[in-house]
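Let me begin by presenting the structure, written as structure tokens, before commenting on it.
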DNA sequence: CAATTTAAGTCAGCCTCGTTGACATTCCAA
DNA sequence: TTGGAATGTCAACGAGGCTGACTTAAATTG
């Protein structure tokens, strides 16, 4: 299980010696793990005729209730046409409510309905259960390392979005 | 940065206390990191009129040269019809060669051509560079934890495929 | 106040990459 | 030797990305 070796250099500081093979194993782990990561919600969604895109919207509306469409666009990194198709379906199914803004009436503020919150927690709990199991299996120190590597893997602008959401918690 | 706390219980053994909030941050980190993870190859591929599906095929054909279509199917977890479209494009572009099997002539054995190998290493190097940076930023102990959590997150059958590939290295 | 900018939404059309269904070829075992 | 299983191919459909062009309504600015 040597996915990387720490080596002390006389001058000071750690160096990581990473073979291409070690890096590739990390790449494959990322690919296969992401499949597991999405598997449980996908099954729940399929029964409702919804997809991953709907899940993402639901997740972040729950995370930042009252968010505007524009803001959600920035978080998800898709085009408004694409998001709009998804939001329309969610509103039609009574999972999301779109309220005209008070101060700026051009804006639409997004909220989950009770049914939406219900679905969100079903999806969320499925995903949390898997994450919880992975964390328990891997152990406490592993968890911190996991998060640090993921954060270092994000694009800079994505990392900013991620941090903003995290700090809002 | 306390994504999980290790707590010593008198009787022995570690316990992880994970709040839903901590789990959710892990979930969001996974989502945002995966976007970064795929971003670099996606750009290279876009110029060639190829997509992520082609990348995955190229990656695993390189990883296990001579693999059959059926075997590749098991690795990728898609339908053969879906894979076939991808393979046809790769063969047409002269990136992959499909050889009829010797012992069993129903099988096709897949190999990268020189051009295929060339593209593979461009894609691979882009992805490795990001992984390398993430590993360096996160530090040596983080890397091991990262891998352990990812492995624990996979479905059992996926994990078997992953291990088989890893051990073949 | 008029002109411009911004937020949101819509229509049309395209592409990738999943899916099912139908089918041809090849092998092997009864 | 023939029927079933395995392998791979062709066709068509759908989700969910994308671009481009446009409308409507509200806010902002000269």
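Chains as they are written, first to last, in this note's numbering: chain A, 883 to 1051; chain B, 883 to 1051. We put the beta carbon where it would ideally sit given N, CA and C, even for glycine. Predicted model only: the values in this text are computed from it and were never measured.
Exposed or buried, which one is residue i when buried takes at least 16 other CB atoms within 10 Å?
{"i": "residue 899/B", "result": "exposed"}
{"i": "residue 858/A", "result": "No statement about residue 858/A is possible, as the shown extent of chain A runs from 883 to 1051 and does not include it."}
{"i": "residue 910/B", "result": "buried"}
{"i": "residue 983/A", "result": "exposed"}
{"i": "residue 1038/A", "result": "exposed"}
{"i": "residue 944/B", "result": "buried"}
{"i": "residue 1081/B", "result": "Beyond the ends of chain B as shown, which are 883 and 1051, falls residue 1081/B; an answer cannot be given."}
{"i": "residue 928/A", "result": "exposed"}
{"i": "residue 1027/A", "result": "buried"}
Going by C-alpha to C-alpha distance, which of the options sits closest to residue i?
{"i": "residue 973/A", "options": "1051/A, 1032/A and 993/A", "result": "993/A"}
{"i": "residue 908/A", "options": "1010/B, 1040/B, 1042/B and 1034/B", "result": "1010/B"}
{"i": "residue 901/A", "options": "1018/B, 984/B and 949/B", "result": "1018/B"}
{"i": "residue 1042/A", "options": "1044/B, 918/B and 906/B", "result": "918/B"}
{"i": "residue 1001/A", "options": "933/A, 954/A and 903/A", "result": "933/A"}
{"i": "residue 931/B", "options": "1051/B, 1016/B and 971/B", "result": "971/B"}
{"i": "residue 926/B", "options": "1004/B, 1048/B and 1012/B", "result": "1004/B"}
{"i": "residue 949/A", "options": "929/A, 1015/A, 963/A and 981/A", "result": "981/A"}
{"i": "residue 916/A", "options": "1029/B, 963/B, 1015/B and 954/B", "result": "1029/B"}
{"i": "residue 1047/A", "options": "958/A, 935/A and 912/A", "result": "958/A"}
{"i": "residue 1036/A", "options": "962/B, 953/B, 963/B and 1016/B", "result": "1016/B"}
Report the three-state DSSP secondary structure of residue i (helix, strand or coil).
{"i": "residue 950/A", "result": "strand"}
{"i": "residue 883/A", "result": "Since pLDDT at residue 883/A reaches only 40, below the 50 mark, its modelled position is unreliable, and no value is offered."}
{"i": "residue 888/A", "result": "Here residue 888/A scores only 49 on pLDDT, less than 50, and its place in the model should not be relied on; the value that follows carries that caveat. Looking at residue 888/A - three-state DSSP - the assignment turns out to be strand."}
So, residue i versus residue j, is the Cβ gap smaller than 7 Å?
{"i": "residue 1040/A", "j": "residue 942/B", "result": "no"}
{"i": "residue 1031/B", "j": "residue 1024/A", "result": "yes"}
{"i": "residue 990/A", "j": "residue 951/A", "result": "yes"}
{"i": "residue 939/A", "j": "residue 968/A", "result": "yes"}
{"i": "residue 976/A", "j": "residue 956/A", "result": "no"}
{"i": "residue 937/B", "j": "residue 947/B", "result": "no"}
{"i": "residue 1034/B", "j": "residue 1020/A", "result": "yes"}
{"i": "residue 1051/B", "j": "residue 1007/A", "result": "no"}
{"i": "residue 905/B", "j": "residue 1013/A", "result": "yes"}
Contiguous beta strand (DSSP E) assignments of at least 3 residues, all confined to the segment 976-1044 of chain A: Restricted to the segment 976-1044 of chain A, the beta strand (DSSP E) segments that are unbroken, complete and at least 3 residues in length are 978-982 and 990-994, listed in chain order.
Contained alpha helix (DSSP H) runs [length at least 4] in the segment 907-967 of chain B, N- to C-terminal order: If we require 4 residues or more, the alpha helix (DSSP H) runs fully inside the segment 907-967 of chain B come out as 934-945 and 951-958.
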